[in-house]
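Asker: Before I ask anything, here is the structure I am working with.
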Amino acid sequence: MVTPESRTYKLAKAAILAVLIAIIPATTPLRAQGAPAAAKVQEDPLTAQYNKTMGEIDKKQFPAALKNLEDLEKKVANMGPAMQATVCFHLARTYYLMKDWVKADAELNTFLTKYPEGTGRIIDENDNMRGVAQLTLVEVYANQSKWDPALDLLKMLRTNPLVQPKDRVNAYTLSARIVEEKSKSGTEEDKKQALGQAVGLLKQVTGGGLGTPEAREGGMRLVEVYTKLGLVKEAEQLKAEIDAKSTGSPAEIVRSNFQRIEIGDARFEAGESATELKSKEELYRQALASYQGALRRATVNRSVTKAVEMKQVDLDKIAKDNPKPTPEATEKIEKARAELESFKTIQSEFEKNTDYDAFISYRIGLCLLELKRPWEAFVAFRDIFENNPNFSKVSGAYYYYILALREIGRNSEAQAKCKEFLAKYPDAEEVSMVAVILGSISQDREEYEEAIGHYNWAKANVKKIDPATLEEIDFRIACCHFSHVDWEKARLSLDEFLKKYQRSFAREQALYMNALCWFYQGKFKETKLGFDEYQKAYPKGEYIADVRYRQAIVKFGVNPPEIPATIALCNEWLRDYAVSKVESVVNQVPEVHTLIGDAAIRIATELDKDISTADKNLRTNAEPALKAKYKAEKERLEKEKETQTVKAIDAYIAAARSGRTNANALDFVLRELGKLLPGRGEHARMRDLYKEVYDWDHADPKSLNYLYEVIKATERMGINPSSPSRPKPYRSALVPSSPLPVRR
513 MVTPESRTYK LAKAAILAVL IAIIPATTPL RAQGAPAAAK VQEDPLTAQY
563 NKTMGEIDKK QFPAALKNLE DLEKKVANMG PAMQATVCFH LARTYYLMKD
613 WVKADAELNT FLTKYPEGTG RIIDENDNMR GVAQLTLVEV YANQSKWDPA
663 LDLLKMLRTN PLVQPKDRVN AYTLSARIVE EKSKSGTEED KKQALGQAVG
713 LLKQVTGGGL GTPEAREGGM RLVEVYTKLG LVKEAEQLKA EIDAKSTGSP
763 AEIVRSNFQR IEIGDARFEA GESATELKSK EELYRQALAS YQGALRRATV
813 NRSVTKAVEM KQVDLDKIAK DNPKPTPEAT EKIEKARAEL ESFKTIQSEF
863 EKNTDYDAFI SYRIGLCLLE LKRPWEAFVA FRDIFENNPN FSKVSGAYYY
913 YILALREIGR NSEAQAKCKE FLAKYPDAEE VSMVAVILGS ISQDREEYEE
963 AIGHYNWAKA NVKKIDPATL EEIDFRIACC HFSHVDWEKA RLSLDEFLKK
1013 YQRSFAREQA LYMNALCWFY QGKFKETKLG FDEYQKAYPK GEYIADVRYR
1063 QAIVKFGVNP PEIPATIALC NEWLRDYAVS KVESVVNQVP EVHTLIGDAA
1113 IRIATELDKD ISTADKNLRT NAEPALKAKY KAEKERLEKE KETQTVKAID
1163 AYIAAARSGR TNANALDFVL RELGKLLPGR GEHARMRDLY KEVYDWDHAD
1213 PKSLNYLYEV IKATERMGIN PSSPSRPKPY RSALVPSSPL PVRR
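Shown next as structure tokens:
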């Protein structure tokens, strides 16, 4: 692949001096402090040979130049390393110009390896040419399709703080080119991805401004990449900005600035309509970059005024030079007049637009909020209040300023600003949202009484709250009572809400919470009615699993308990939800198993009284027939109790095995099993269960407790928990292995 000579090397060639003249004795008079001699200093033979070699390189007489450079290499062998490095650098340069990539590769690597100080201060006071050599080596690698070494070297140049700033900028530009070249043999997707990567690299070049030739070169490369990606507006804006920097034209500065704002607006609108989070963030990031690069009003105003003056001068000059204009000249005059009128229109409209600076700050603040950078957004919105208090969208800025305060944790200040906003802008569009924020700050901090006070204040003092917001505030008040465990007030608020808003968005949740208020007060009759109403209205509702579980609890909690109905409801629940992946339902699985176990234990416990009666009858009746009857009765009851106990144990074990995400349920059933299994001699089941729980997570804070229970159960089984292969305990040589003889 043939690569055109890079600009870096063109600059390097232009900067090459007659370096040998600087150190050989013949040049000493040239640096003397006294007055110059009248006679011309005779050129040293070595200097003459060097100058001749440079001339041959310029004339592309490369074989002759190489011969002279090899001769010079021998002659400077005893001179300093900087001199030797300079000749080596020119050798590499010559091979590069000859496009002999293999030899250029070898010579450049020799230069970089052998001469860590480069050319010293011979060619340039501030540049030892190592950076130039490294960039050239990258191009040599690229021309040999050695992509990975090229990219590795460029990464080093981009990240090394000792590299010259201009070389670092060139490294970014060259990296973009290499990435693009590498993708040419790939698929269309690879090429598109490479162009995106190139944009990221080149933006690093232009991000610091376009004040240097290297940055402008990188900018032009970015224009090309934008064009390939079909980003015409971005390409035009950047091209205009580069032209403005190159020529200093006020017209180009103005044009570039408004193009930049137009791009920012397009990206911002695209971000608002995007659905994917990743692409939304990227669009807001691009919009932010455009807005942050926009010039402020004073700068634009100066440039517009100057542009109008210059366009007027251009028009006057063309008219003066063509008193009797030809058709061609007439066309030029009309074009100049149209440009002048265009800029006069821009000037007039810009003078009327008093919101220019505030609008840029407003959009910057919105982008920063979307990108989760609230501190910077806070500063952007505050800038509007301090410098543009008459901004036409000041109420919107105030609203987002409150959001920024809330995001950075300045909640008290945010609430004060909410009340200030509601007093200052009673007719603003955002008044309803601010009214909600006022109370929600306290609600989020779990200061429920304070939140209720703020909500009631908003209802009493804000006259233009829309019906939807008023409904939300009423529901939030009920939620605050509920979260504050004030069940009666919560129930009354929910009753009122359900009567007032029969088609509410929150009706399902309100019905559910209303029944829960009865449940937590232990009023099971009312609870059942409430949950029955919910199940009828929402048979597949969001809370149906919890409602069905609590219906089983109600059956178990009434007096006397309806145990068969409880177990039936639990089994139906497990049939429908045991394999659910919903987190709240998964957490409830062990609780349902526990309830089955509790119900079985209740049955077993209630049998104790009947067993005791049968035992008493057995002992007090001597008649064989009655004795046999009571014995059979007692055995039947004991067998039934055993059956229920086994069911309870099985249910508790099932609860434990499903309790990984429900610590409370797990702890409860492990305690219950600790009472049941050891007394029955079922140490193996105890050990296996605790081992399973222990293996869930060895880093769990309770894991050592579980391991202890494994060891304890193992010992109770009569098994030594130590491994058979465990070595015998170390015995000191000072301790005898056999008992000491007893002294008599």
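The letter at position 239 of the sequence shown is residue 751 when you use the numbering used here, and the numbering goes up by one with no holes. C-beta: ideal position from N, C-alpha, C; glycine also.
Quick check: what's the CA-CA separation for residue 1017 versus residue 987?
Answerer: Here residue 1017 corresponds to residue number 505 of the sequence shown, with the count starting at 1. Here residue 987 corresponds to residue number 475 of the sequence shown, with the count starting at 1. When rounded, the distance between both Cα atoms is 10 angstroms.
Asker: Where does residue 826 fall in DSSP's three states?
Answerer: By one-based count along the sequence shown, residue 826 stands at place 314. For residue 826, the secondary structure class from DSSP, reduced to helix, strand or coil, is helix.
Asker: Would you please state the rounded distance, in angstroms, between the beta carbons of residue 727 and residue 711? I believe it to be under 8 angstroms.
Answerer: By 1-based counting over the sequence shown, the position of residue 727 is 215. By 1-based counting over the sequence shown, the position of residue 711 is 199. Contact doesn't hold; Cβ gap of about 16 angstroms is too wide.
Asker: Is DSSP giving residue 869 helix, strand or coil here?
Answerer: Locating residue 869 in the sequence shown gives position 357, counting from the first residue. Looking at residue 869 - three-state DSSP - the assignment turns out to be helix.
Asker: Check the C-beta distance from residue 766 over to residue 819 and give it rounded, since I have them as a contact under 8 angstroms.
Answerer: On the sequence shown, residue 766 is found 254 positions in, with the first residue counted as 1. On the sequence shown, residue 819 is found 307 positions in, with the first residue counted as 1. Between residue 819 and residue 766 the Cβ distance is about 6 angstroms, and since that is below 8 angstroms, they are a contact.
Asker: What are the residues that DSSP puts in a beta bridge with residue 679?
Answerer: Numbered from its first residue, the sequence shown carries residue 679 at position 167. In the DSSP output, where bridge partners are listed per residue, residue 679 has none listed.
Asker: Kindly indicate which three-state DSSP category residue 1162 falls into: helix, strand or coil?
Answerer: Looking up residue 1162 in the sequence shown gives position 650. Reduced to three states, the DSSP call for residue 1162 is helix.
Asker: Let me confirm a value: residue 1223 is counted as buried when at least 16 other C-beta atoms fall within 10 Å, else exposed. Which label applies?
Answerer: The residue given as residue 1223 occupies position 711 in the sequence shown. Counting Cβ neighbours within 10 Å, residue 1223 comes out exposed, since fewer than 16 surround it.
Asker: Report all residues from its chain with a CB closer than 6 angstroms to the CB of residue 1188; omit the five preceding and five following residues, and keep chain order.
Answerer: Position 676 of the sequence shown holds residue 1188. Contacts found: 1161.
Asker: Please go through the same chain and pick out, in chain order, the residues whose beta-carbon is closer than 6 angstroms to the beta-carbon of residue 687, but skip the five residues on each side of it.
Answerer: Walking along the sequence shown from the start, residue 687 turns up at place 175. Same-chain partners within the cutoff: 666 and 713.
Asker: Quick one: using the 10 Å Cβ neighbour count with 16 as the cut-off for buried, is residue 913 buried or exposed?
Answerer: Taking the sequence shown and counting its residues from 1, the one referred to as residue 913 is at position 401. It is buried - the Cβ of residue 913 has at least 16 other Cβ atoms within 10 Å.
Asker: Measure the alpha-carbon distance for residue 1157 versus residue 1063 and round it to whole angstroms.
Answerer: Along the sequence shown, read from residue 1 onward, the residue named residue 1157 stands at position 645. Along the sequence shown, read from residue 1 onward, the residue named residue 1063 stands at position 551. Distance between the alpha carbons of residue 1157 and residue 1063 is about 24 angstroms.
Asker: If you draw a straight line from the C-alpha of residue 798 to the C-alpha of residue 772, how long is it?
Answerer: Position 286 of the sequence shown, counted from the first residue, corresponds to residue 798. Position 260 of the sequence shown, counted from the first residue, corresponds to residue 772. Near 11 angstroms, if we compare the C-alpha coordinates of residue 772 and residue 798.
Asker: Can you list, in chain order, the residues of its chain with a C-beta nearer than 8 angstroms to that of residue 696? Leave out the 5 residues immediately preceding and following it.
Answerer: Sequence index remark: in the sequence shown, residue 696 carries index 184 (1-based). Contacts found: 703.
Asker: Taking C-beta to C-beta, are residue 623 and residue 594 nearer than 8 angstroms?
Answerer: Here the question's residue 623 lines up with position 111 in the sequence shown. Here the question's residue 594 lines up with position 82 in the sequence shown. Going by C-beta atoms, residue 623 is not nearer than 8 angstroms to residue 594.
Asker: Bridge partners of residue 636, per DSSP?
Answerer: The residue given as residue 636 occupies position 124 in the sequence shown. The partner list for residue 636 (beta bridge, DSSP) reads 639.
Asker: Comparing alpha-carbon positions, which option in 895, 889 and 909 lies nearest residue 941?
Answerer: By one-based count along the sequence shown, residue 941 stands at place 429. Closest by alpha carbon: 909.
Asker: Helix, strand or coil: how does DSSP classify residue 1023 here?
Answerer: Reading the sequence shown from its first residue, position 511 is the one you call residue 1023. It is helical.
Asker: Determine whether the beta carbon atoms of residue 882 and residue 967 lie at a separation below 8 angstroms.
Answerer: What you label residue 882 is simply residue 370 of the sequence shown in a count that begins at 1. What you label residue 967 is simply residue 455 of the sequence shown in a count that begins at 1. In this structure, residue 967 does not lie closer than 8 angstroms to residue 882 by Cβ.
Asker: Please report the straight-line C-alpha distance between residue 652 and residue 612, rounded to a whole angstrom.
Answerer: Indexing the sequence shown from 1 puts residue 652 at position 140. Indexing the sequence shown from 1 puts residue 612 at position 100. Distance between the alpha carbons of residue 652 and residue 612: 9 angstroms.
Asker: What are the start and end residues of the alpha helix (DSSP H) that includes residue 804?
Answerer: For this step, residue 804 is matched to residue 292 along the sequence shown. 789-804 is the extent of the alpha helix (DSSP H) around residue 804.
Asker: Among 1114, 1065, 939 and 1067, which one has its Cα closest to the Cα of residue 905?
Answerer: Along the sequence shown, one-based indexing puts residue 905 at 393. Among 1114, 1065, 939 and 1067, the Cα nearest to that of residue 905 is on 939.
Asker: Expressed to the nearest angstrom, what Euclidean distance is found between the alpha-carbon atoms of residue 873 and residue 993?
Answerer: Position 361 of the sequence shown holds residue 873. Position 481 of the sequence shown holds residue 993. Taking the straight line joining both Cα atoms gives about 41 angstroms.
Asker: If residue 731 sits next to residue 754, beta carbons under 8 angstroms apart, how far is it from one beta carbon to the other, in whole angstroms?
Answerer: Mapped onto the sequence shown, residue 731 falls at position 219. Mapped onto the sequence shown, residue 754 falls at position 242. Residue 731 to residue 754, Cβ: 5 angstroms. Contact.
Asker: For residue 1127, which of helix, strand or coil comes out of DSSP?
Answerer: Taking the first residue of the sequence shown as 1, we reach residue 1127 at position 615. DSSP places residue 1127 in helix when its eight states are reduced to three.
Asker: Cα separation between residue 879 and residue 780?
Answerer: Counted from its first residue, the sequence shown places residue 879 at position 367. Counted from its first residue, the sequence shown places residue 780 at position 268. When rounded, the distance between both Cα atoms is 8 angstroms.
Asker: DSSP state of residue 1054, grouped into three classes?
Answerer: By 1-based counting over the sequence shown, the position of residue 1054 is 542. It is coil, neither helix nor strand.
Asker: Tell me, to the nearest whole angstrom, how far the beta carbon of residue 749 is from that of residue 816; I am working on the premise that it is less than 8 angstroms.
Answerer: If you number the sequence shown from 1, residue 749 lands on position 237. If you number the sequence shown from 1, residue 816 lands on position 304. Contact doesn't hold; Cβ gap of about 17 angstroms is too wide.
Asker: What is the DSSP secondary structure of residue 1090, counted as helix, strand or coil?
Answerer: Translated into positions along the sequence shown, residue 1090 becomes position 578. Coil, per DSSP.
Asker: Cα separation between residue 633 and residue 672?
Answerer: The sequence position of residue 633 within the sequence shown is 121, counting from 1. The sequence position of residue 672 within the sequence shown is 160, counting from 1. Going from the Cα of residue 633 to the Cα of residue 672 covers about 21 angstroms.
Asker: Name the residue from 953, 1038, 946 and 1001 whose alpha carbon lies nearest to the alpha carbon of residue 978.
Answerer: Counting from one through the sequence shown, the residue named residue 978 turns up at place 466. The residue from 953, 1038, 946 and 1001 with its alpha-carbon nearest to that of residue 978 is 946.
Asker: Do three or more CB pairs link the segment 1077-1093 to the segment 1029-1044 at distances below 8 angstroms?
Answerer: With a cut-off of 8 angstroms, the segment 1029-1044 and the segment 1077-1093 do not count as touching, because too few Cβ pairs lie within range.
Asker: Using a threshold of 8 angstroms, state whether the C-beta atoms of residue 985 and residue 971 are closer than that.
Answerer: Taking the sequence shown and counting its residues from 1, one reaches residue 985 at position 473. Taking the sequence shown and counting its residues from 1, one reaches residue 971 at position 459. Yes, the pair counts as a contact, with Cβ atoms nearer than the cut-off.
Asker: Which whole-angstrom value describes the C-beta separation of residue 1202 and residue 1221, a residue pair presumed to lie in contact below a C-beta threshold of 8 angstroms?
Answerer: Locating residue 1202 in the sequence shown gives position 690, counting from the first residue. Locating residue 1221 in the sequence shown gives position 709, counting from the first residue. Going by Cβ atoms, the distance from residue 1202 to residue 1221 rounds to 4 angstroms, so yes, they are a contact pair.
Asker: Any heavy atom of the ligand MN closer than 7 angstroms to the CB of residue 591?
Answerer: You won't find the ligand MN in this model; it holds no ligand whatsoever.
Asker: So, do the segment 1128-1142 and the segment 1172-1179 have three or more beta carbon pairs nearer to each other than 8 angstroms?
Answerer: no
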